[in-house]
Amino acid sequence: MMVIDKVKFFILCAQRCKSVPAVVRDAGLSPSVTRYIEAGKPSTAETVGKLAKALQCQPEELLKL
Numbered sequence: 009m010m011v012i013d014k015v016k017f018f019i020l021c022a023q024r025c026k027s028v029p030a031v032v033r034d035a036g037l038s039p040s041v042t043r044y045i046e047a048g049k050p051s052t053a054e055t056v057g058k059l060a061k062a063l064q065c066q067p068e069e070l071l072k073l
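Mapping of the sequence shown onto our numbering: residues 9 to 73, in sequence order.
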């Protein structure tokens with residue numbers, strides 16, 4: 009399991025001029041994913057991959073290292 013860095017995620021959303029809910033929706037994910045990211049809960053590789061694809065970035069750009 010991987011933890012998405014919420015600051016990096018929000019910055020990437022802002023760079024693409026997209027709201028967080030829009031990115032989550034574009035990724036085909038449940039709105040509850042937003043709460044998991046904000047809470048710092050682990051995400052699956054599939055979730056990270058879908059968000060990266062929706063943001064047109066590499067998955068590692070979203071992760072806490």
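We put the beta carbon where it would ideally sit given N, CA and C, even for glycine.
For a test of the three-state rule: what should DSSP assign to residue i, helix, strand or coil?
| i | result |
| --- | --- |
| P50 | strand |
| L73 | coil |
| P29 | helix |
| R79 | Given a span of 9 to 73 for the chain in the structure shown, any question on residue 79 remains unanswerable. |
Rounded to whole angstroms, what's the CA-CA distance from residue i to residue j? Just pull it up for me.
| i | j | result |
| --- | --- | --- |
| V9 | C25 | Going by the sequence as given, residue 9 is Met instead of Val. So the alpha carbons of these two residues sit roughly 28 Å apart. |
| K16 | L37 | 18 Å |
| A35 | I45 | 14 Å |
| V31 | L59 | 7 Å |
Tell me, to the nearest whole angstrom, how far the beta carbon of residue i is from that of residue j; I am working on the premise that it is less than 8 Å.
| i | j | result |
| --- | --- | --- |
| P29 | P39 | 7 Å |
Can you find a C-beta in chain B that's less than 8 Å from the C-beta of residue i?
| i | result |
| --- | --- |
| V41 | Absence of chain B from the displayed structure is noted, only one protein chain being present. |
What does DSSP give as the partner residues of residue i in its beta bridges?
| i | result |
| --- | --- |
| I12 | L71 |
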